[in-house]
Amino acid sequence: MTSFEHDVADSLGAHRALFFQSNDVAAYLDGNSLGRPLGASVERIARFVTEQWGSRLIRGWDEQWLSLPETVGDELGRVALGAAAGQVIFADSTTVLLYKLIRAACEFNPERTEIVIDRANFPTDRYVVEGIVAERGLSVVWIDAGKTERDGSDGDPDDAFGVTPAQVQAALTDRTALVVLSHVAFRSGFLADVPAITALVHDAGALVLWDLSHSVGVVPTELDAWGVDLATGCSYKYLCGGPGAPAFAYVRLELQAQLRQPIQGWLGTRAPFEMGQGYTPADGIRSFASGTPPITGMLALQDMIALIGEVGIMAIREKSVALTEHAIALSDELLPDAVLSTPRAAHRRGSHITLDREGFAELVPKLWAQGVIPDFRGPTGIRIGLSPLSTSFTEVELGILAIRYPGE
Ligand SMILES: *Cc1c(COP(=O)(O)O)cnc(C)c1O
7 MTSFEHDVAD
17 SLGAHRALFF
27 QSNDVAAYLD
37 GNSLGRPLGA
47 SVERIARFVT
57 EQWGSRLIRG
67 WDEQWLSLPE
77 TVGDELGRVA
87 LGAAAGQVIF
97 ADSTTVLLYK
107 LIRAACEFNP
117 ERTEIVIDRA
127 NFPTDRYVVE
137 GIVAERGLSV
147 VWIDAGKTER
157 DGSDGDPDDA
167 FGVTPAQVQA
177 ALTDRTALVV
187 LSHVAFRSGF
197 LADVPAITAL
207 VHDAGALVLW
217 DLSHSVGVVP
227 TELDAWGVDL
237 ATGCSYKYLC
247 GGPGAPAFAY
257 VRLELQAQLR
267 QPIQGWLGTR
277 APFEMGQGYT
287 PADGIRSFAS
297 GTPPITGMLA
307 LQDMIALIGE
317 VGIMAIREKS
327 VALTEHAIAL
337 SDELLPDAVL
347 STPRAAHRRG
357 SHITLDREGF
367 AELVPKLWAQ
377 GVIPDFRGPT
387 GIRIGLSPLS
397 TSFTEVELGI
407 LAIRYPGE
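Under the numbering used here, the first residue of the sequence shown is numbered 7, with each subsequent residue one higher.
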């Protein structure tokens, strides 16, 4: 099928018009780094300034603002995470939430001294783990994704792009406190087997934290059913919350009363406005909050969460797979000298692909100048992110053609 035929047949194609369109962008292939705004968000933000902030003023805190991190969190849990109410909260950045959750998980099991993480994980995840390990006298057990022995696996070439259950099994000991992994690898797009790995970690008596930054809103999860302990992720990627929009944390219900996060702030307490002596954590997920909730940062993502609820996460995943399939087919045909650094099996990848070739570092700024916007991921990778509701099949082809025929 041609790109045009794909677009005509695409039952979600009409949703593209709901996003703000910018005239100087021919192909936006970076919605996995910063999602496009919805037109509804342009209005919501303007209305918020005049009708709520401007008019309700300080009285807004008595109304719905204070509980917004949990009400929006519940909605996200319902439409995209497979999480029952009361387990998801918006706050801080992913980096800060990683710190809070990892610290809490390590204190939970103080006789266990090892944190498992992989070398190909996103930098901030690795840096936070290294910082906590230094701070608390713990140690890191590194998994070299794709590099260690593939014992237990069947030699599947897609295993080269991410962390497999066999690798996690080999890293676990009776000293493991926590395993920190990404659901979708930020460079390769490898999709980890969350239920299988979570079960292995639990068998070893440890906790697991999944970073969903590159999967939330585009790859469905069943956090409750899979028994996931902790999760976090960004809202400015596929959730279109805008630059610097707050992250979310998921803490499994049974763990909430047992975990104590390290940033004791007044808005994580039972009665913040009593302004009393001593820190008494709130019940439930609210105890993972620290300071004032980022109300203005949670406006746009409410529109995207509503849209995901309307369209359905399964339908979004289906289009995502079709888009990455299309991108791989076109690159096989038009860019035979580029190396696909992403799993070929659809069920093993998220919503982006990475192609490696010498010269891409110099090419990407030229593409940006032409309004073709993928990402560059060193040393030689072009990363093509496909946000299903805002990206067309024709846009994918335009992007691949621009890489094939630069400057033409
Ligand atoms: C994008 C991303 C982050 C970003 O963290 P911030 O604190 O929002 O800068 C963290 N982890 C992963 C896996 C990501 O993809």
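For each residue, glycine too, the CB sits at the ideal point set by N, CA and C.
* Is the closest heavy atom of ligand 2 to the C-beta of V31 under 8 Å? -> Ligand 2 is not among the ligands present in this structure, which contains only ligand 1.
* Would you mind working out which of A277, D80, V174 and G284 sits nearest L259, comparing C-alpha positions? => Comparing alpha carbon positions, the residue from A277, D80, V174 and G284 closest to L259 is D80.
* Asked: Under a Cβ-count criterion, where at least 16 other Cβ atoms within 10 Å of its own Cβ denotes burial, should S47 be classed as buried or exposed?
  -> When all chains shown are included, S47 counts as buried.
* Return the bridge partner residues of E120 from the DSSP annotation. => Under DSSP, the beta-bridge partners assigned to E120 are S145 and T182.
* Count the other C-beta atoms from every protein chain shown that fall within 10 angstroms of the C-beta of V345, then say buried if there are 16 or more, exposed otherwise. => Classification of V345: exposed, given that the 10 Å Cβ count is below 16.
* the segment 23 to 41 / the segment 367 to 380 touching (three or more Cβ pairs under 8 Å) -> Result yes; three or more Cβ-Cβ pairs closer than 8 Å.
* When the Cα of V122 is compared with those of S145, V102 and E113, which residue comes out closest? -> The closest CA to that of V122, considering only S145, V102 and E113, is found on S145.
* To do: Reducing DSSP to helix, strand and coil, say where F196 ends up.
  => F196 falls in the strand class under three-state DSSP.
* To do: Would you identify the three-state DSSP class for S47, choosing helix, strand or coil?
  => The DSSP-derived three-state label of S47 is helix.
* Name, in chain order, the residues that DSSP records as bridge partners for V135. => Answer is none; V135 lacks a bridge partner.
* To do: List the whole-angstrom C-beta distance separating A177 from H189, where the pair is believed to meet the contact cut-off of C-beta under 8 Å.
  => Going by Cβ atoms, the distance from A177 to H189 rounds to 18 Å, so no, they are not a contact pair.
* To do: Mind checking which residues open and close the alpha helix (DSSP H) that includes D13?
  => From DSSP, the alpha helix (DSSP H) with D13 extends over S9 to A15.
* Backbone CA spacing between H358 and D165 [nearest angstrom] -> Rounded to the nearest whole angstrom, the C-alpha separation of H358 and D165 is 17 Å.
* Asked: How is the alpha helix (DSSP H) around A176 delimited, first residue to last?
  -> For A176, the enclosing alpha helix (DSSP H) starts and ends at P171 to A177.
* Rounded distance between the beta-carbons of L307 and L245, thought under 8 Å -> With a Cβ gap of about 5 Å, L245 and L307 count as contacting.
* Hey, would you say the C-beta of L104 is under 8 Å away from at least one heavy atom of ligand 1? -> For L104, the CB falls within less than 8 Å of some heavy atom of ligand 1.
* Where P287 falls: helix, strand or coil (DSSP) -> The three-state reading of DSSP puts P287 in strand, counting E and B together.
* Where does R84 sit, in a helix, a strand or coil, going by DSSP? -> Helix.
* Cβ contact (3+ pairs, closer than 8 Å) linking the segment 99 to 119 and the segment 319 to 334 -> The segment 99 to 119, when compared against the segment 319 to 334, does not touch it at the 8 Å Cβ threshold.
* Asked: Quick one: what's V378 bridged to in DSSP?
  -> BP columns for V378 point to A33.
* Asked: Closest to S9 by CA distance: which of I95, G405 and G413 is it?
  -> G405 is the residue among I95, G405 and G413 whose C-alpha sits nearest the C-alpha of S9.
* To do: State whether the segment 283 to 298 contacts the segment 89 to 106, with contact taken as three or more CB pairs (one from each stretch) at a distance under 8 Å.
  => The segment 283 to 298, when compared against the segment 89 to 106, does touch it at the 8 Å Cβ threshold.
* **In DSSP terms, what V207 is bridged to** => V207 is not bridged by DSSP to any residue.
* Specify the secondary structure class of G387 as computed by DSSP and reduced to three states. => If DSSP states are grouped into helix, strand and coil, G387 belongs with the strands.
* Alpha carbon to alpha carbon, how far is T182 from I108? -> Distance between the alpha carbons of T182 and I108 is about 13 Å.
* Answer yes or no: the CB of A253 versus the heavy atoms of ligand 1, is any distance below 8 Å? => At least one heavy atom of ligand 1 sits closer than 8 Å to the Cβ of A253.
* To do: Buried or exposed for Q27, please, with buried defined as at least 16 other CB atoms from any protein chain shown within 10 angstroms of its CB.
  => Burial call: exposed.
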